[in-house]
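Below is one structure, written out as C-alpha cells, with a few remarks after it.
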Amino acid sequence: MWNLIDCILQAGRHTIILMQPSQNRASRTFMDYNSINHALDGMIIYRAFLMHLTHYNDKVKKKGICGLYERKIRDINPMVPNITYDISDLYNFIDGLADISALVYDHSIQAFLPYDRQWIKQKLFQHLKKLAQR
142 MWNLIDCILQ
152 AGRHTIILMQ
162 PSQNRASRTF
172 MDYNSINHAL
182 DGMIIYRAFL
192 MHLTHYNDKV
202 KKKGICGLYE
212 RKIRDINPMV
222 PNITYDISDL
232 YNFIDGLADI
242 SALVYDHSIQ
252 AFLPYDRQWI
262 KQKLFQHLKK
272 LAQR
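Each residue of the sequence shown is one higher than the one before, starting from 142 at the first, in my numbering.
Shown next, in the form of C-alpha cells:
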C-alpha cells in the first residue's frame, strides 16, 4: 500500500536537476522533468537484477541521470552493444561531477525544495531497487 502512495506522491513532483559536469562554470546546466522518477531515469526500460543492471535499447530516448551516464559510457565504448554497470559505477559518475543537486516541487508549500548529491544517490538506489523487483 505504501509503495502505491509513494508512487502517487512522487509522480507529480516537478523536478529540476542542476548540474555542473566540470570545474568550468560555463558547464553549468539544468534538466527539467515532470517527476522525480523521470529525473532519475527518463523512462529507461531496465532489465535489472537487484544491484547489477544490464540495459541498453537504442529505440528508447534516454534522459535523466541514468541516461547521462549511459551516453558517457556509449561515447567511450561505441562498439559495445550492451552496457553493463552497477550502482557503484553510477555513484562514481555522480561523485565525479563538479556539482549536482535537485529542486523538487512541494505542493503543500507551493515551492521547490533543494536536495543534494547524497539525496540523489539515495533516490537512485531506491528507484533502481524498485525496478529490479518488477
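Each residue gets a CB set at the ideal place from its N, CA and C atoms; glycine is no exception.
Quick caveat: nothing in here was measured; it's all calculated off a predicted structure.
_Which of helix, strand or coil DSSP assigns to Leu244_ = Position 103 of the sequence shown, counted from the first residue, corresponds to residue 244. Reduced to three states, the DSSP call for Leu244 is strand.
*DSSP-derived helix/strand/coil call for Gln259*: If you number the sequence shown from 1, residue 259 lands on position 118. Under the three-state reduction of DSSP output, Gln259 falls in the helix class.
*For Ala180, which residues of its own chain have a beta-carbon under 6 Å away from its beta-carbon, when the five flanking residues on both sides are left out?*
For the purposes of this step, residue 180 is taken as the residue at position 39 of the sequence shown. Excluding its 5 nearest sequence neighbours in each direction, Ala180 has C-beta neighbours in its own chain below 6 Å: Thr156, Ile158, Tyr174, Gly205, listed in chain order.
*asked:* Please return the same chain residues whose Cβ sits closer than 8 Å to the Cβ of Ala252, not counting the five positions on each side in sequence.
replied: In the sequence shown, residue 252 corresponds to position 111, counting from 1. Cβ-Cβ distances below 8 Å link Ala252 to Tyr246 in the same chain, with the five nearest sequence neighbours on each side left out; the list follows chain order.
*Measure from the C-beta of Ser242 to each C-beta in chain C and report whether the shortest distance is under 9 Å.*
Included in the structure is just one protein chain, with no chain C present.
_Opening and closing residue of the beta strand (DSSP E) in which Ile158 lies_ = Looking up residue 158 in the sequence shown gives position 17. Its beta strand (DSSP E) spans residues 156-161.
*If you draw a straight line from the alpha carbon of Asn165 to that of Leu265, how long is it in whole angstroms?*
On the sequence shown, residue 165 is found 24 positions in, with the first residue counted as 1. On the sequence shown, residue 265 is found 124 positions in, with the first residue counted as 1. If you draw a straight line from the Cα of Asn165 to the Cα of Leu265, it comes to about 26 Å.
_For Asp257 and Asn223, what's the separation of their Cα atoms in angstroms?_
As a position in the sequence shown, residue 257 is number 116, starting the count at 1. As a position in the sequence shown, residue 223 is number 82, starting the count at 1. The alpha-carbon separation between Asp257 and Asn223 amounts to approximately 31 Å.
*How about Leu238 and Met160: do their beta carbons lie closer than 9 Å?*
Indexing the sequence shown from 1 puts residue 238 at position 97. Indexing the sequence shown from 1 puts residue 160 at position 19. Contact flag set, yes.
*Residue range of the alpha helix (DSSP H) that Arg215 falls in?*
By one-based count along the sequence shown, residue 215 stands at place 74. Run containing Arg215: 205-217, per the alpha helix (DSSP H) assignment.
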